[in-house]
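The working numbering numbers the first residue of the sequence shown as 118 and each following residue consecutively.
Cβ atoms here follow ideal geometry from the backbone N, Cα and C, with glycine treated the same way.
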Amino acid sequence: MVRFPTLLYRTIILMLVVGASILGAGTAPLRAQQATRLATAYAVGGGELIAFDAQSGTVLKRIGVSPSSGWASPDLLADPRSSRLYLLGAPIGATDSSPIDLLSVINTTTWKVLAQRHLPHRLEYILSGASVMALSADDSRLFVYSTGRAPAVRAHYWLAVLDARTLKPLRKQVALPHCGAGELAAVPGQIAVLCHGADLPQARQGPSELRFVDARRLVVTASIRMSTQSYGLVVSPNQKYLYVDGGHLTQVDASHHRVVRDVDYLRTSQSSGVAPFPHGFDVTPDGGRVILGLLARRSDPTAGYAIQQYALPGLHALAPVSLPFVHFVAAPGNQLITFPMLDSPTHDWQVSMLDLQTGQSRPLFTMNGPVLQLVVSRAR
Numbered sequence: 118m119v120r121f122p123t124l125l126y127r128t129i130i131l132m133l134v135v136g137a138s139i140l141g142a143g144t145a146p147l148r149a150q151q152a153t154r155l156a157t158a159y160a161v162g163g164g165e166l167i168a169f170d171a172q173s174g175t176v177l178k179r180i181g182v183s184p185s186s187g188w189a190s191p192d193l194l195a196d197p198r199s200s201r202l203y204l205l206g207a208p209i210g211a212t213d214s215s216p217i218d219l220l221s222v223i224n225t226t227t228w229k230v231l232a233q234r235h236l237p238h239r240l241e242y243i244l245s246g247a248s249v250m251a252l253s254a255d256d257s258r259l260f261v262y263s264t265g266r267a268p269a270v271r272a273h274y275w276l277a278v279l280d281a282r283t284l285k286p287l288r289k290q291v292a293l294p295h296c297g298a299g300e301l302a303a304v305p306g307q308i309a310v311l312c313h314g315a316d317l318p319q320a321r322q323g324p325s326e327l328r329f330v331d332a333r334r335l336v337v338t339a340s341i342r343m344s345t346q347s348y349g350l351v352v353s354p355n356q357k358y359l360y361v362d363g364g365h366l367t368q369v370d371a372s373h374h375r376v377v378r379d380v381d382y383l384r385t386s387q388s389s390g391v392a393p394f395p396h397g398f399d400v401t402p403d404g405g406r407v408i409l410g411l412l413a414r415r416s417d418p419t420a421g422y423a424i425q426q427y428a429l430p431g432l433h434a435l436a437p438v439s440l441p442f443v444h445f446v447a448a449p450g451n452q453l454i455t456f457p458m459l460d461s462p463t464h465d466w467q468v469s470m471l472d473l474q475t476g477q478s479r480p481l482f483t484m485n486g487p488v489l490q491l492v493v494s495r496a497r
């Protein structure tokens, strides 16, 4: 994700560096998980979980969840093949506040809780951002980015590995030394981990690192040093490429672990103050474009905001689209789901659908509070 508006950036990075080893604090870009057929989106915030059609916007389910007892945001991961939704930090049906580390597996057909487990070492994000969870390609294992101190793990950062159905932990974990806060993405046979690098030794601080974990053998098999400090990781629908954002837009071949293309879009921007926005980075469900959000001035999110689109696979720049300050995820039908979060200048908490071809936006529904996490299920 990048450079933040100055005050927000300094505050979050301070919490990230100081608090990550204790509480797992940080912030990261929100990214989507889309489907090529019927796609269902899930949004949590304001004491409710809402399921809605990601193309039409029709609300399918609205259910109460308990607010977490911590300051960190809840997390969501959807698996359409098994009709499972992983909800971390905001269980359904409860009325009192609940621990931010409580993970629930929910059947999205019956909306019954199938399993629960406390994950005291889960990485916690201050603002909703990249999911700390990822599923293996065969849906058998759930990986959870973890931090702190655990008796069986030498590193301060690691991937906890759970049975995806029962949430029973495997004995072996994946150590990620000096990774700092990070984000996960699933590609065939692997889990990609973008290490933001806040905890790297002094001599190695600076650019982030992309590491690849064998999902079966549970070992790191390769790593790529990014050219910049990077805070955004998304996957192409065919899972062939990973895209990393951080002032440079980098295309990575997931199977061969190599950089294919790298675009320094900040250098070519007309505005010297432009900065990528951390909660605006995604790939369209048809795999035709990658979209990122840009602030006109990094110190003032209300001064100007636009989305920049790049045609894939060649990363050719398309015309930017000016918008009010929003967070977004890509949806089927050449659309973006836009929504407010805690840092939004307006507090109407309205979720909308933006047509990228016409530039027209239509309201979908209003949350009872800011959106804390929003994902769209990805068919694999």
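Cβ shell of Ile180 (< 6 Å), same chain only, five flanking positions each side left out: Stepping through the sequence shown from its first residue, residue 180 is reached at position 63. Hits under 6 Å: Leu166 and Ile209.
Same chain, Cβ closer than 6 Å to Ser199, five either side skipped, listed in chain order: Walking along the sequence shown from the start, residue 199 turns up at place 82. Only Asp256 meet the Cβ criterion.
Whole-angstrom distance between Thr367 and Gly349, CA atom to CA atom: Numbered from 1 along the sequence shown, position 232 holds the residue referred to as residue 349. Numbered from 1 along the sequence shown, position 250 holds the residue referred to as residue 367. So the alpha carbons of these two residues sit roughly 10 Å apart.
Same chain only: Cβ atoms within 6 Å of Gln425, ignoring 5 sequence neighbours per side: By one-based count along the sequence shown, residue 425 stands at place 308. Cβ neighbours of Gln425 beyond the five flanking positions: Leu409, Leu411 and Pro437.
Nearest-angstrom Cβ-Cβ length linking Leu471 and Gln452, presumed shorter than 8 Å: Numbered from its first residue, the sequence shown carries residue 471 at position 354. Numbered from its first residue, the sequence shown carries residue 452 at position 335. With a contact defined as Cβ atoms closer than 8 Å, Leu471 and Gln452 qualify at about 6 Å.
Range covered by the beta strand (DSSP E) that runs through Ala447: Locating residue 447 in the sequence shown gives position 330, counting from the first residue. Taken as a continuous stretch (DSSP letters only), the beta strand (DSSP E) holding Ala447 covers His444 to Ala448.
Cut-off 6 Å between Cβ atoms - residues of its own chain near Ser353, not counting five sequence neighbours on either side: As a first step, residue 353 must be located in the sequence shown, where it is residue number 236. Around Ser353: Val400 and Gly404.
Span separating the alpha-carbon of Asp218 from that of Ser340: On the sequence shown, residue 218 is found 101 positions in, with the first residue counted as 1. On the sequence shown, residue 340 is found 223 positions in, with the first residue counted as 1. The straight-line gap separating the alpha-carbon atoms of Asp218 and Ser340 is approximately 29 Å.
Reduced DSSP category for Tyr348 - H, G, I as helix; E, B as strand; rest coil: Residue numbering aside, residue 348 sits at position 231 when the sequence shown is read from its first letter. If DSSP states are grouped into helix, strand and coil, Tyr348 belongs with coil.
Neighbour-count burial assignment, His235, 16 or more Cβ in a 10 Å radius: Reading the sequence shown from its first residue, position 118 is the one you call residue 235. Exposed.
Distance between Gly163 and Pro480 (C-alpha atoms, nearest Å): By 1-based counting over the sequence shown, the position of residue 480 is 363. By 1-based counting over the sequence shown, the position of residue 163 is 46. Taking the Cα positions, Pro480 is about 18 Å away from Gly163.
Contact belief for Ser347 with Asp370 at Cβ below 8 Å, rounded distance in angstroms: For the purposes of this step, residue 347 is taken as the residue at position 230 of the sequence shown. For the purposes of this step, residue 370 is taken as the residue at position 253 of the sequence shown. No, Ser347 and Asp370 are not in contact; Cβ-Cβ is about 17 Å, not under 8 Å.
Cut-off 8 Å between Cβ atoms - residues of its own chain near Asp465, not counting five sequence neighbours on either side: Against the sequence shown, residue 465 aligns to sequence position 348. The beta carbon of Asp465 sits closer than 8 Å to those of Pro457 and Thr483, all from its chain and outside the five residues before and after it, given in chain order.
Local conformation of Leu177 per DSSP, three classes: Translated into the one-based positions of the sequence shown, residue 177 becomes position 60. Strand.
DSSP three-state assignment for Arg333, whether helix, strand or coil: As a working note, residue 333 is residue 216 in the sequence shown. The three-state secondary structure of Arg333, taken from DSSP, is coil.
Assigned secondary structure, Arg266 (DSSP; H/G/I helix, E/B strand, else coil): In the sequence shown, residue 266 corresponds to position 149, counting from 1. If DSSP states are grouped into helix, strand and coil, Arg266 belongs with coil.
Arg198 - containing beta strand (DSSP E), residue span: For the purposes of this step, residue 198 is taken as residue 81 along the sequence shown, with counting starting at 1. Looking at the DSSP string, Arg198 is not in any beta strand (DSSP E), and its letter there is neither H nor E.
Outcome for Leu311 when other beta-carbon atoms lying within 10 angstroms are tallied against a minimum of 16: For the purposes of this step, residue 311 is taken as the residue at position 194 of the sequence shown. So Leu311 ends up on the buried side.
Start-to-end residues for the beta strand (DSSP E) that takes in Asp379: Your numbering for residue 379 matches position 262 in the sequence shown. Arg375 to Asp381 is the extent of the beta strand (DSSP E) around Asp379.
Paired residues, beta bridge with Ser221 - DSSP: Within the sequence shown, numbered from 1, the residue matching residue 221 stands at position 104. According to DSSP, which records beta bridges pairwise, Ser221 is partnered with Leu204 and Gln233.
DSSP-derived helix/strand/coil call for Arg288: On the sequence shown, position 171 is the one that residue 288 refers to. Three-state DSSP puts Arg288 in coil, outside helix and strand.
Chain-order list of residues whose beta-carbon lies under 8 Å from that of Leu324 (same chain, five-residue window excluded): The residue you call residue 324 lines up with position 207 of the sequence shown. Just to set this straight, residue 324 is Pro in the shown sequence, not Leu. Around Pro324: Gly314, Arg342, Met343, Ser344, Thr345, Gln346 and Ser347.
DSSP-derived helix/strand/coil call for Arg384: Position 267 of the sequence shown, counted from the first residue, corresponds to residue 384. Here Arg384 sits in helix by DSSP.
Boundaries of the beta strand (DSSP E) in which Trp228 is found, first to last residue: Your numbering for residue 228 matches position 111 in the sequence shown. Looking at the DSSP string, Trp228 is not in any beta strand (DSSP E), and its letter there is neither H nor E.
Cβ-Cβ distance between Leu491 and Ala160 below 7 Å: Here residue 491 is taken as the residue at index 374 of the sequence shown, counted from 1. Here residue 160 is taken as the residue at index 43 of the sequence shown, counted from 1. In this structure, Ala160 lies closer than 7 Å to Leu491 by Cβ.
Under the three-state DSSP convention, the category Met343 falls into: Position 226 of the sequence shown, counted from the first residue, corresponds to residue 343. Three-state result, Met343: coil.
Residues sharing a beta bridge with Ala277, DSSP: Within the sequence shown, numbered from 1, the residue matching residue 277 stands at position 160. For Ala277, which the question treats as bridged, DSSP gives the partners Val261.
Ser494, buried or exposed, once every other Cβ within 10 Å from all chains shown has been counted against 16: Taking the sequence shown and counting its residues from 1, one reaches residue 494 at position 377. Ser494 is buried by the Cβ-count criterion.
Buried or exposed by the 16-neighbour rule on C-beta atoms within 10 Å, applied to Arg258: Here residue 258 is taken as the residue at index 141 of the sequence shown, counted from 1. For Arg258, the number of other beta carbons within 10 angstroms of its own is at least 16, and it is reported as buried.
Bridge-paired residues (DSSP) for Arg406: In the sequence shown, residue 406 corresponds to position 289, counting from 1. For Arg406, which the question treats as bridged, DSSP gives the partners Ala428.
Distance between Asp196 and Asn485 (C-alpha atoms, nearest Å): Translated into positions along the sequence shown, residue 485 becomes position 368. Translated into positions along the sequence shown, residue 196 becomes position 79. Rounded to the nearest angstrom, the two C-alpha atoms are 26 Å apart.
Cβ neighbours of Trp275 in the same chain (closer than 7 Å, five flanking residues each side left out): Along the sequence shown, read from residue 1 onward, the residue named residue 275 stands at position 158. The answer, listed in chain order, is Ser263, Gln290, Val291, Ala292 and Leu293.
Three-way DSSP call (helix, strand, coil) for Gln474 in this model: Your numbering for residue 474 matches position 357 in the sequence shown. Here DSSP, grouped into helix, strand and coil, assigns Gln474 to coil.
DSSP beta-bridge partners of Asp256: Here residue 256 refers to the residue found at position 139 when the sequence shown is read from its first residue. Looking at the DSSP assignment, Asp256 forms no beta bridge with any residue, so it has no partner.
Span of the beta strand (DSSP E) around Cys312: By one-based count along the sequence shown, residue 312 stands at place 195. For Cys312, the enclosing beta strand (DSSP E) covers residues Gln307 to Cys312.
Collapsed DSSP secondary structure at Ser439 in the structure displayed: Taking the sequence shown and counting its residues from 1, one reaches residue 439 at position 322. Assignment of Ser439 by DSSP, reduced to helix, strand and coil, places it in the strand class.
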